[in-house]
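Scroll down for the structure; my scribbles are underneath it.
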Amino acid sequence: MVAGQLTTSVASMCEELAAKVSPASRPVVEEVASRLGQPLRVAVAGRLKAGKSTLVNALIGRRVAPTAAGECTRVVTQFRYGPADRIDVIARNGTKHAVPLDAAGMIPTMLPIPADEAAMIDVQLSSDRLRDLIVVDTPGLQSVNTEISDAAREMLFAAPIAEDVDDDSRAAVESAEAIIYVFTQQVRADDVEALEAFAKASQQLSSSPMNALGLYNKADKLAPGPGQDPWPVAGPIAADQGAILRRTVCDVVPVVGLLAETAEAGLLTAADCEALRTLAGLDEDKRALMLASAGLFLNTEGPVDRQQRQRLLERLDLYGIHFAIAHLSANPHLATGELVRLLFAASGFPRLRTTLHQIFGVRADVIKAGWALARLDAAAASGPAADRDLLRGAVESIVARPEYHRLPLLEAAAQVTTGQVALPEAMEAEVARLALTDDAGVVLGMPDAPRPQLRRAAIEAAARWRAFANGGATPAQARVANVVHRGFHLLAQRLG
Numbered sequence: 009m010v011a012g013q014l015t016t017s018v019a020s021m022c023e024e025l026a027a028k029v030s031p032a033s034r035p036v037v038e039e040v041a042s043r044l045g046q047p048l049r050v051a052v053a054g055r056l057k058a059g060k061s062t063l064v065n066a067l068i069g070r071r072v073a074p075t076a077a078g079e080c081t082r083v084v085t086q087f088r089y090g091p092a093d094r095i096d097v098i099a100r101n102g103t104k105h106a107v108p109l110d111a112a113g114m115i116p117t118m119l120p121i122p123a124d125e126a127a128m129i130d131v132q133l134s135s136d137r138l139r140d141l142i143v144v145d146t147p148g149l150q151s152v153n154t155e156i157s158d159a160a161r162e163m164l165f166a167a168p169i170a171e172d173v174d175d176d177s178r179a180a181v182e183s184a185e186a187i188i189y190v191f192t193q194q195v196r197a198d199d200v201e202a203l204e205a206f207a208k209a210s211q212q213l214s215s216s217p218m219n220a221l222g223l224y225n226k227a228d229k230l231a232p233g234p235g236q237d238p239w240p241v242a243g244p245i246a247a248d249q250g251a252i253l254r255r256t257v258c259d260v261v262p263v264v265g266l267l268a269e270t271a272e273a274g275l276l277t278a279a280d281c282e283a284l285r286t287l288a289g290l291d292e293d294k295r296a297l298m299l300a301s302a303g304l305f306l307n308t309e310g311p312v313d314r315q316q317r318q319r320l321l322e323r324l325d326l327y328g329i330h331f332a333i334a335h336l337s338a339n340p341h342l343a344t345g346e347l348v349r350l351l352f353a354a355s356g357f358p359r360l361r362t363t364l365h366q367i368f369g370v371r372a373d374v375i376k377a378g379w380a381l382a383r384l385d386a387a388a389a390s391g392p393a394a395d396r397d398l399l400r401g402a403v404e405s406i407v408a409r410p411e412y413h414r415l416p417l418l419e420a421a422a423q424v425t426t427g428q429v430a431l432p433e434a435m436e437a438e439v440a441r442l443a444l445t446d447d448a449g450v451v452l453g454m455p456d457a458p459r460p461q462l463r464r465a466a467i468e469a470a471a472r473w474r475a476f477a478n479g480g481a482t483p484a485q486a487r488v489a490n491v492v493h494r495g496f497h498l499l500a501q502r503l504g
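Numbers 9 to 504, taken from our numbering, label the letters of the sequence shown in order.
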């Protein structure tokens, strides 16, 4: 649960506002206050067949979201923490239809009502990974509902968006506080438009991509040949895509979602491992023939039956099978648990976990507060005139508070680290430290210094950045420097 200084301040402000605004604006204020007490809401978006549901399962640590086409994959699905597993299909008229998990522990592919009558599937799971995160799986681009009116587009997003995004996916992304955007090929113009629309709709008060992350999924498909390592290719391609999307996402991380799902959801059994061990014992020429293609793997005569091989393809695909057999050939006694750990590392998911913590975990307080203030600002623009000054005044009062300066600091750090604003390496590192931690010793590079010494160092840093802003800095550098100057000034005040 997010309970940072900023969200606490905004929540208190909302309580006061709810008693003052008109009945027309009160529901918006109350909804914002309610959302501030909930975990960070992250939408997983992207094209059809990009592997979104596979990645959702990996994030949750359970194979709950179906990955094959079916009615349920056409409906926005929300995963949140609950004391017991529960699924409710929420109809557009507001009625709820409780459904059980299927025999495999997944959302049933067939729903109790037609998919076009379902507004959302609400899934509660007793998974600790959902205590601090609500994950929203969207049908995505090129979905089944393609007719979107200009009025709906204008209402849901502040910027044009591709015509092939369905209404429910739009609404889910628009209501999210952060987004993970999944793609499996070079980004297209409509991918950029979708991300730009999210940025404008979700954080009108923020100009940085701090609440959006890109995932280059199915990185294994980039391997130059069967069994070859894809990462020397995947890393640079993801970096190139990150450069293209630098104004809309804070990073692009390459992953192999299927391996991540198999490892994180515990889908590889001891029997699977033994089958792989048997295949690893074949002579090298026979293995090479079997692993040349999925068809040859299934149909070449060998000691493992076809049904088991099909299961291995579904869990690992050829890249994962190659990888596992290579390690079992080198170490025939490798335990199942150790093989799973190696597959997890090979999926790229450890980097994603670290990145998610750095981006969404550390910044959750600021992201949620920014989202809330953007909603209140939008309500002021579209609501009754009598509430306009009251709502805008409340937003401005929060923005003026010292604790809110973390948001422009994060924006400045994002601009510097993504290359939008060039700074010397030492200054770039200083901006990042100031934005990402409250520990004055770490920020100032003096972890063991006493408080008076830290205060003097903060004053000196503020003066140094002010001098840089007023000296030979470019206009963009000067804007960043002024933000950093104020950050060090506030740090010195806090230490005083």
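We put the CB at the ideal spot given by N, CA and C, even for glycine.
Other residues of its chain near residue i: CB distance less than 7 Å, five sequence neighbours each side excluded
{"i": "V40", "result": "C22, A380, R383 and L384"}
{"i": "R409", "result": "S17"}
{"i": "S20", "result": "none"}
{"i": "V143", "result": "V50, V52, V64, L67, I68 and F87"}
{"i": "V429", "result": "Q423, A484, Q485 and V488"}
Contact set for residue i: own chain, Cβ-Cβ below 8 Å, skip 5 residues either direction
{"i": "L297", "result": "L304 and T308"}
{"i": "V36", "result": "R383, L384, A387 and G391"}
{"i": "V257", "result": "Y189, L203, P217, A220, L221, G222 and G250"}
{"i": "E282", "result": "none"}
{"i": "L109", "result": "V72, D93, I95, I115 and P116"}
{"i": "A231", "result": "D237, P238, V241 and Y327"}
Residues that residue i bridges to, as DSSP identifies them
{"i": "I129", "result": "T85 and V97"}
{"i": "H413", "result": "DSSP, once it has assigned bridges, lists no residue as partnering H413."}
{"i": "I115", "result": "In DSSP, I115 forms no bridge with anything."}
{"i": "H105", "result": "V97"}
{"i": "P240", "result": "According to DSSP, P240 bridges with nothing at all."}
{"i": "I142", "result": "R49"}
{"i": "P262", "result": "Y224"}
{"i": "I367", "result": "Its beta-bridge partners do not exist; DSSP assigns none."}
{"i": "G54", "result": "V190"}
Buried/exposed call for residue i, threshold 16 Cβ in 10 Å
{"i": "L351", "result": "buried"}
{"i": "D124", "result": "exposed"}
{"i": "K5", "result": "Lying before the first or after the last residue shown, residue 5 is absent from the chain, which here runs from 9 to 504."}
{"i": "E419", "result": "buried"}
{"i": "E162", "result": "Note that E162 scores 29 on pLDDT, short of 50, meaning its location in the model is unreliable and no value can be drawn from it."}
{"i": "D373", "result": "buried"}
{"i": "G59", "result": "buried"}
{"i": "N101", "result": "exposed"}
{"i": "G427", "result": "exposed"}
{"i": "D280", "result": "buried"}
{"i": "S61", "result": "buried"}
{"i": "V152", "result": "Because V152 sits at a pLDDT of 34, beneath the cut-off of 50, its placement in the model cannot be relied upon, and the following sentence gives the value as read from the coordinates. Flag for V152 reads exposed."}
Expected contact under 8 Å - CB spacing of residue i and residue j to nearest Å
{"i": "V263", "j": "L223", "result": "6 Å"}
{"i": "V107", "j": "P120", "result": "6 Å"}
{"i": "H413", "j": "L503", "result": "Their Cβ separation, rounded to whole angstroms, is 15 Å, which puts H413 and L503 out of contact at 8 Å."}
{"i": "L25", "j": "A402", "result": "6 Å"}
{"i": "L444", "j": "V348", "result": "Rounded, the Cβ-Cβ distance is 32 Å, inconsistent with contact."}
{"i": "A288", "j": "P340", "result": "7 Å"}
{"i": "E404", "j": "Q13", "result": "That pair is no contact at about 18 Å."}
{"i": "L321", "j": "L267", "result": "L321 to L267, Cβ: 13 Å. No contact."}
Straight-line Cα distance separating residue j from residue i
{"i": "F496", "j": "A466", "result": "5 Å"}
{"i": "R70", "j": "A273", "result": "4 Å"}
{"i": "Q193", "j": "Q249", "result": "9 Å"}
{"i": "E155", "j": "L415", "result": "A caution first: E155 carries a pLDDT of 31, below 50, which makes its placement in the model unreliable, though a value can still be read off. Roughly 37 Å separates the two Cα atoms."}
{"i": "D198", "j": "P147", "result": "16 Å"}
{"i": "V492", "j": "A99", "result": "49 Å"}
{"i": "G449", "j": "A457", "result": "7 Å"}
{"i": "V50", "j": "F191", "result": "16 Å"}
{"i": "A92", "j": "V131", "result": "10 Å"}
{"i": "L336", "j": "W239", "result": "21 Å"}
{"i": "L164", "j": "A389", "result": "Reliability of the predicted coordinates at L164 is poor, the pLDDT of 27 falling under 50, and the value obtained from them is presented with this limitation in mind. Cα-Cα distance, rounded: 14 Å."}
{"i": "A354", "j": "A184", "result": "30 Å"}
{"i": "A53", "j": "I115", "result": "19 Å"}
{"i": "N65", "j": "E269", "result": "6 Å"}
{"i": "R285", "j": "T75", "result": "28 Å"}
{"i": "A470", "j": "R494", "result": "7 Å"}
{"i": "V83", "j": "D145", "result": "9 Å"}
{"i": "R137", "j": "Y89", "result": "8 Å"}
{"i": "A332", "j": "L253", "result": "34 Å"}
{"i": "R314", "j": "A334", "result": "21 Å"}
Any non-hydrogen atom of the ligand NAP within 7 Å of residue i CB
{"i": "E201", "result": "Among the components modelled here there is no ligand, and therefore nothing to report on the ligand NAP."}
Neighbourhood of residue i by C-beta distance below 6 Å, restricted to the same chain and skipping five residues each side
{"i": "V424", "result": "L431, E436 and V439"}
{"i": "D140", "result": "P47"}
{"i": "L360", "result": "V261 and V263"}
{"i": "Y327", "result": "D228"}
Chain B within 8 Å of residue i, Cβ atoms only
{"i": "I115", "result": "Among the protein chains of the structure shown there is no chain B, as only one such chain exists."}
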